[in-house]
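Engineer: Under the UniProt record's numbering, think of the first position of the sequence shown as 1, with each following residue one higher. Don't be surprised by glycine CBs; every beta carbon is placed ideally from N, CA and C. Can you keep this structure in mind? I'll have questions shortly.
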Amino acid sequence: MNVLLAASFLVLAFIHYRHFKNFACHVYKTPPPSSVFIFPFLAVSASSVFFFSPPLLQTLAEARFCFIALFLFSLVLLSHSMITDPAMAVSISTNDSVSLERKLLKHIHDNVHGNIFLEPIFLKLRDLKQLGISHMVYPGAVHSRFEHSLGVYWLAGKAIDVIKKFQGPELGIEHYDVLTVKLAGLLHDVGHGPFSHTFEHGFLPLVLNGSTWSHEEMSMKMIDHIVEQHNIDIDPELLKKVKEMITSSSDYPSQRVGHLSVLGFENRFLYDIVANRRNGIDVDKTINNSRVHRFDYIVRDSRACGLGCNFQPERLMETMQVMDDEICYRAKDYLTIHKLFATRADLHRTVYTHAKVKAIELMVIDALVKANPYLQIASSIHQPSDFWKLDDSILKTIESSSQQELKESRDLILRIRRRDLYQFCNEFSVPKERLDHFRSITPQDIVCSQTNGITLKEEDVVVSNVKIDLTRGRENPLGRIKFFQDYESRENFHIADDRISHLLPAFYEDIIVRVYSKKPELVEAVSNAFENYQLKTFGKKAQVHETPEKKKRRYIAR
1 MNVLLAASFL VLAFIHYRHF KNFACHVYKT PPPSSVFIFP FLAVSASSVF
51 FFSPPLLQTL AEARFCFIAL FLFSLVLLSH SMITDPAMAV SISTNDSVSL
101 ERKLLKHIHD NVHGNIFLEP IFLKLRDLKQ LGISHMVYPG AVHSRFEHSL
151 GVYWLAGKAI DVIKKFQGPE LGIEHYDVLT VKLAGLLHDV GHGPFSHTFE
201 HGFLPLVLNG STWSHEEMSM KMIDHIVEQH NIDIDPELLK KVKEMITSSS
251 DYPSQRVGHL SVLGFENRFL YDIVANRRNG IDVDKTINNS RVHRFDYIVR
301 DSRACGLGCN FQPERLMETM QVMDDEICYR AKDYLTIHKL FATRADLHRT
351 VYTHAKVKAI ELMVIDALVK ANPYLQIASS IHQPSDFWKL DDSILKTIES
401 SSQQELKESR DLILRIRRRD LYQFCNEFSV PKERLDHFRS ITPQDIVCSQ
451 TNGITLKEED VVVSNVKIDL TRGRENPLGR IKFFQDYESR ENFHIADDRI
501 SHLLPAFYED IIVRVYSKKP ELVEAVSNAF ENYQLKTFGK KAQVHETPEK
551 KKRRYIAR
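And the structure:
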């Protein structure tokens, strides 16, 4: 009889094991780790001893009842392990509506930040180079927005982890906040078009009559598209907060009540980690009027372009502290912060606005504008389902096409391949006293200043108006940042300019005007017209070079 009861009990154990597994999958939306199922089998093994003691278990019904109790106990153990061991599953929602098993996480090695564990949400950005066409001048600058987004995701996680470690209970930081910040870092650039900001600020305004489209707004649409396409059951309030962090809506952040959100100002500092509108220090760094290059961008771009970088983001992240709902930094770290802004300005001067980089960008813009009527490139910005297919390979699409409608675009791309670029004529820096009332110079301004016998047309001239600053226009960027004396301090403060005057430049903003000729034979005529424009407008020549052509170094044969 005891043998029969033991055999029956094992059969019941197997049946309940199957039910237990299905039940766990239904509750947690993912197969639990295999180790969790050790509990039912251990319970069965331990309880089998009772089968050889008739007074304890006399009937099959009692055996079944015992196992049901053990089954429910195993559910409790499973729930406990899923909640207390974050390595078992990574929840994306506070109500556990979406979970990812550890084995589904992608283990990626990043050359700047080391090993990164990535939730498999997006792969769109692999085919978008972070620096657009800069790799045609700096061959090492071939890193993608995918790599950058991984870096921002990782740094955002490190930043919020440091704050939570030292001030978590005080600030009420929960796992919900950590997930939100990390997701914002991961997805902040998913709305980018091809060729970095050239597409957004160069191409679209020409074909859509002054378009105000932004990649941040497209990121919002792309996130919704991802959620919809993959039927991701994610907390709507969490998704809303992620979007606010990406667009840097720190003026009106969501305040959490439990795990829900209402309009308020609690934990506003969370909105400054990925996209900081207050003082420009964050872990991203994008190029537009409201946000600046940040931790990952500066280190990654400097390394890719072979430039030195003394900025150490880890130092700032390890020592930052939240005071008055704002991220503050130790006073003795002001030099590190200054290096952040100085390195940013150097990258602008030497890489992002390099004269040849801008020449190639201008040619790419012209090629896209000429191809747009046939390929309808600009129309893709209206639908995420179309936009995600648009990447840097659009040049190859044009180049490999035999359509007559794309001949002009193909010719321009061929010129880029052959290094037959728009010729740089000259540049000048706008006088500081004219910065307040400066307006962008146009090809028409140059053409109207010609005096020689060659007749120039507007389509022969290209003008690039480049602004370089330390992130806050003509303001000292350090003036927006708050510091604290030591970790026992309860007050924060701004550092006065006279204390760091040795670091500050005479001016915080430069506007450089560059003029290019589309045809080599017109370089001299365009250069003369450019000089005339300066004399007529400023009463002097403010240009950098005396001649539009570099003198070549002569080799003396021996």
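For the beta strand (DSSP E) containing residue 517, name the first residue and the last one.
Structural biologist: 509-517
Engineer: Measure the Cβ-Cβ separation of residue 391 and residue 130 and say whether it is below 9 Å.
Structural biologist: no
Engineer: Based on Cα-Cα distance, which residue from 199, 326 and 224 lies nearest to residue 385?
Structural biologist: With distances taken between Cα atoms, residue 385 lies closest to 224.
Engineer: Give me the Cα-Cα distance between residue 183 and residue 461, rounded to the nearest whole angstrom.
Structural biologist: 44 Å
Engineer: Please classify residue 439 as buried or exposed, where buried requires at least 16 neighbouring CB atoms within 10 angstroms.
Structural biologist: exposed
Engineer: Let me make sure I understand the geometry here. Which of 512, 313 and 453 has the alpha-carbon closest to that of residue 528?
Structural biologist: 453
Engineer: Rounding to the nearest angstrom, what Cα-Cα distance links residue 269 and residue 326 in this structure?
Structural biologist: In a straight line, the C-alpha of residue 269 is about 5 Å away from that of residue 326.
Engineer: Cβ of residue 527 less than 9 Å from any chain C Cβ?
Structural biologist: Note that chain C does not occur in the displayed structure, where there is just one protein chain.
Engineer: Considering residue 317, what are the terminal residues of the alpha helix (DSSP H) in which it resides?
Structural biologist: Its alpha helix (DSSP H) spans residues 313-319.
Engineer: Can residue 140 and residue 308 be called in contact, C-beta distance under 9 Å?
Structural biologist: Contact flag unset, no.
Engineer: Mapping DSSP to helix, strand and coil, what is residue 146?
Structural biologist: helix
Engineer: Quick check on DSSP: helix, strand or coil for residue 482?
Structural biologist: In this structure, DSSP gives residue 482 a state outside helix and strand, which the three-state scheme calls coil.
Engineer: For residue 426, which three-state DSSP category applies?
Structural biologist: strand
Engineer: The alpha helix (DSSP H) that contains residue 224, what's its start and end?
Structural biologist: 215-229
Engineer: Using the C-alpha atoms, what's the distance from residue 521 back to residue 599?
Structural biologist: No answer is possible for residue 599: the residues shown for the chain start at 1 and end at 558.
Engineer: Comparing C-alpha positions only, which one of 310, 337, 492 and 296 sits nearest to residue 578?
Structural biologist: Outside the shown range of the chain (1 to 558) lies residue 578, about which nothing can therefore be said.
Engineer: Quick one, which of 509, 406 and 498 has its alpha-carbon nearest residue 434's?
Structural biologist: Ranking the options by Cα distance to residue 434, first place goes to 509.
Engineer: Tell me which residue opens and which closes the beta strand (DSSP E) that residue 465 is part of.
Structural biologist: 461-469
Engineer: According to DSSP, which residues form a beta bridge with residue 323?
Structural biologist: 326
Engineer: What number of angstroms, rounded off, separates the C-alpha of residue 395 from the C-alpha of residue 418?
Structural biologist: 15 Å
Engineer: State the CB to CB distance for the pair residue 425 and residue 517, rounded to an integer number of angstroms; the pair is presumed to be in contact (CB under 8 Å).
Structural biologist: 6 Å
Engineer: Could you give the first and the last residue of the continuous alpha helix (DSSP H) run that contains residue 526?
Structural biologist: Its alpha helix (DSSP H) spans residues 523-538.
Engineer: Nearest-angstrom Cα distance between residue 626 and residue 442?
Structural biologist: Residue numbering for the chain in the displayed model covers 1 to 558; residue 626 lies beyond these limits and cannot be assessed.
Engineer: Count the other C-beta atoms from every protein chain shown that fall within 10 angstroms of the C-beta of residue 479, then say buried if there are 16 or more, exposed otherwise.
Structural biologist: Its Cβ having fewer than 16 others within 10 Å, residue 479 is exposed.
Engineer: Kindly indicate the opening and closing residues of the alpha helix (DSSP H) around residue 207.
Structural biologist: Per DSSP, residue 207 is one residue of the alpha helix (DSSP H) stretching across 204-207.
Engineer: Flag this pair as yes or no: are the beta carbons of residue 319 and residue 275 separated by less than 9 Å?
Structural biologist: no
Engineer: If you run the structure through DSSP and keep just helix, strand and coil, what is residue 438?
Structural biologist: coil
Engineer: In three-state DSSP terms, what is residue 341?
Structural biologist: Here residue 341 sits in helix by DSSP.
Engineer: Between residue 185 and the rest of its own chain, which residues show a CB-CB distance below 6 Å, the 5 nearest in sequence each way excluded?
Structural biologist: 152, 153, 156 and 274
Engineer: Below 8 Å CB to CB, which residues in the same chain sit around residue 538 once its five sequence neighbours on both sides are set aside?
Structural biologist: 431 and 434.
Engineer: Among 526, 333 and 163, which residue has its Cα nearest to the Cα of residue 322?
Structural biologist: 163
Engineer: Under the three-state reduction of DSSP, which class applies to residue 195: helix, strand or coil?
Structural biologist: coil
Engineer: Please report the residue range of the alpha helix (DSSP H) in which residue 449 lies.
Structural biologist: Here residue 449 belongs to no alpha helix (DSSP H), and DSSP marks it neither H nor E.
Engineer: At the level of alpha carbons, what is the spacing between residue 245 and residue 192?
Structural biologist: 16 Å
Engineer: Could you give the C-beta distance for residue 378 and residue 409, rounded to a whole number, given that I count them as a contact under 8 Å?
Structural biologist: With 8 Å as the limit, residue 378 and residue 409 do not qualify as a contact, their Cβ atoms being about 14 Å apart.
Engineer: With distances taken from CA atoms, which of 428, 459, 180 and 243 is nearest residue 215?
Structural biologist: 243
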